Amino acid sequence: MNSSAQQTKIEYGDFQTPLELANCVCQKLKELGVSPDIVIEPTCGVGAFVEASANRFPNAKKIIGIEVNEIYLSNLQKRKTAFTNSERITLQQGNFFGFDWKEMLSNLDGSILVIGNFPWVTNSQQGTIGGANLPEKLNFQHRNGFDAMTGKSNFDISEWMLIQVGEWFKNRNGALAMLCKTSVARKFLHHLHAQKANVFHSAIYSIDAKKYFDASVEACLLVCEFRENSQNYDYDVYESLESKTSQRVGHRNGLTIRDLDTFEKFGALYGNSELKWRSGVKHDCSEVMELKKQDDALVNGAGELVDIEPAYVYPLLKGSDVANNRIKSTNRFVIVPQKTVGEPTNSIKRLAPKTWKYLENHAEYLDNRKSRIYRDNPRFSIFGVGSYTFSPYKIAICGLYKTLDFRLVGELNDKPVVFDDTVYFLSFGTEEEARKVLYTLLSRNVQDFFSSMIFWDEKRPIKTGILNRLNLQTPKTVQALRLFEPKNKKRLSAEER
Ligand SMILES: C[S@@+](CC[C@H](N)C(=O)[O-])C[C@H]1O[C@@H](n2cnc3c(N)ncnc32)[C@H](O)[C@@H]1O
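Note that the numbering used here numbers the sequence shown so that position 463 is 455, with each residue one more than the last.
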């Protein structure tokens, strides 16, 4: 494929569904009792779903295919005569973002099935290649569902399209069956819950995206059935289209729960943690703020020797150090110029003149940090800092790894350890307090409880929003918490973890 064809493929998210998979999807829908009067394929491409629907849904009165690419459409036009009752099939060229779906739907009676596979592309990919295949800005901001998107710098075009299609079912029964990224399916189901849409049943069936699309992404068939007066937002997740067993997912207390059965089993552990999980420091300037010890001297990210007072320099552990249990020593350090967020920094000039001079000499980098939060705060500010940063004992975990490995971290070189912002931690005044809490966190039941709320395929699966849901109170309560684990007292061995 030449580079311009490659670019077009990216812009249009063009991954055509093989007929074999489209047939399996329609077969699955039949098994679920889906029997539409009308089938709509809104971005039908070369037509695998048009063909599979024609052959598998003989009772459908109409099958409508819309597609932006004229060549695909004219090839399909020629091919369609071979499909079952092809006179039911209407094909039309159209751009999803400009198409008058409202007008089309107002002329259709009966239950609809919206089926297909939307473009696989994100708005930032479009930005990188200069692609224009995006919702028109004005429409975008005024349409329903955009709320779910605001504030997001990057989103999948397919998520936006799904939200539009969700609107079609506001006053109409029917079903939606879409191949998409699993993360998109999850976000869309969360959106339906937030919108209190008329969902009767929904499910996610994992598919092998490598096999069918040569794409390295977690993908699935998303099925949603909509019925008037129905509001069921729990859904089933299956490992494949053939799988007979599933895991129940649902929305509880503002969280999406990956494994409802386990979550409900350990419901007594749910609460608000009195001990708050915090994230490590954020400075957005590692070249200046992070230092390495080399032959007893400190060197910054630009390779310069740094001769400053020790007052503001703390041992640093990164997320990878915590995850890999490299916590007993470090040759990394970080400058922490504040004790609390927003604390004035000008006293450094007096208390540690060499440190101030170093910061001033590198102000060009620090003053140019992109995020607005730095501009609205004292010069050389950092974030994620508070009295907890300076406690001697911490229990830490890295949010980026796919294991619940909690570490007890003590001081290094008589100074409290500071973490980067991929780490979450609890802080303690004494080792004894920390150990008690660690014991609880490593219990099998607590680990299962946390895991029931964690989507392990996410980039940062572990979040404070999840960790803070364990009813972790003072050390006294921590002891009492053990009562919740009467049968299964086994601790996880390092290997199991
Ligand atoms: C992932 S492919 C899937 C095609 C087809 N639905 C299937 O399952 O085989 C996405 C399709 O969307 C089409 N497409 C991309 N942007 C579109 C738009 N704005 N309006 C309509 N179709 C579009 C592409 O040309 C491509 O055929």
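Beta carbons: idealized from backbone N, C-alpha and C, even for Gly.
All figures in this text were calculated on a predicted structure; none of them were measured in a lab.
Of all alpha-carbon atoms in 35, 449, 92, the one lying nearest the alpha-carbon of residue 58 is that of 35.
Less than 7 Å divides the Cβ of residue 219 from the Cβ of residue 192.
Close CB contacts of residue 464 within its chain, under the 6 Å cut and outside five residues either way in sequence, are with 265, 267 (chain order).
Non-local C-beta neighbours of residue 247 in its own chain, meaning closer than 8 Å and more than five positions away in sequence, comprise 445, 457, 458, 461, ordered along the chain. An exposed status is given to residue 260, since fewer than 16 other beta-carbon atoms sit within 10 Å of its beta-carbon. In the DSSP annotation of this structure, the continuous segment of the alpha helix (DSSP H) that includes residue 312 starts and ends at 311 to 315.
Rounded to whole angstroms, residue 8 and residue 0 show a C-alpha spacing of 14 Å.
Taken in chain order, the unbroken stretches of beta strand (DSSP E) that lie wholly in the segment 413 to 468 and span 3 residues or more are 415 to 420.
Between the alpha carbons of residue 158 and residue 88 lies a gap of roughly 14 Å.
Per DSSP, residue 206 lies in no beta strand (DSSP E) and is assigned neither H nor E.
Across the set 252, 443, 177, the C-alpha of 252 shows the shortest separation from the C-alpha of residue 238. Pairing residue 104 with residue 167, the inter-Cα distance amounts to about 6 Å. Annotated three-state conformation of residue 90 is coil, per DSSP. Annotated as proximal: residue 10 and residue 204, with beta-carbon spacing under 7 Å.
Here the distance from the Cβ of residue 248 to the nearest heavy atom of ligand 1 is not below 6 Å. In the structure shown, residue 248 adopts extended strand secondary structure according to DSSP, grouped into three states.
As the crow flies, the alpha-carbon of residue 213 is around 22 Å from that of residue 453.
In the structure shown, residue 394 adopts coil according to DSSP, grouped into three states. Closer than 6 Å to some heavy atom of ligand 1: that describes the Cβ of residue 59.
In the displayed model, residue 36 falls within coil according to three-state DSSP, outside both helix and strand.
A direct Cα-to-Cα measurement between residue 302 and residue 358 gives close to 20 Å. Take the alpha-carbon of residue 241 and the one of residue 230: they are about 11 Å apart. Taking the Cβ atoms as the reference, residue 108 lies roughly 13 Å from residue 68, outside the contact range of under 8 Å. Restricting attention to 344, 371, 400, 389, the CA atom closest to the CA of residue 320 is found in 400. Taking 7 Å as the cut-off, the Cβ atoms of residue 372 and residue 337 count as close. By the C-beta density criterion, residue 422 is exposed, having fewer than 16 other C-beta atoms within 10 angstroms.
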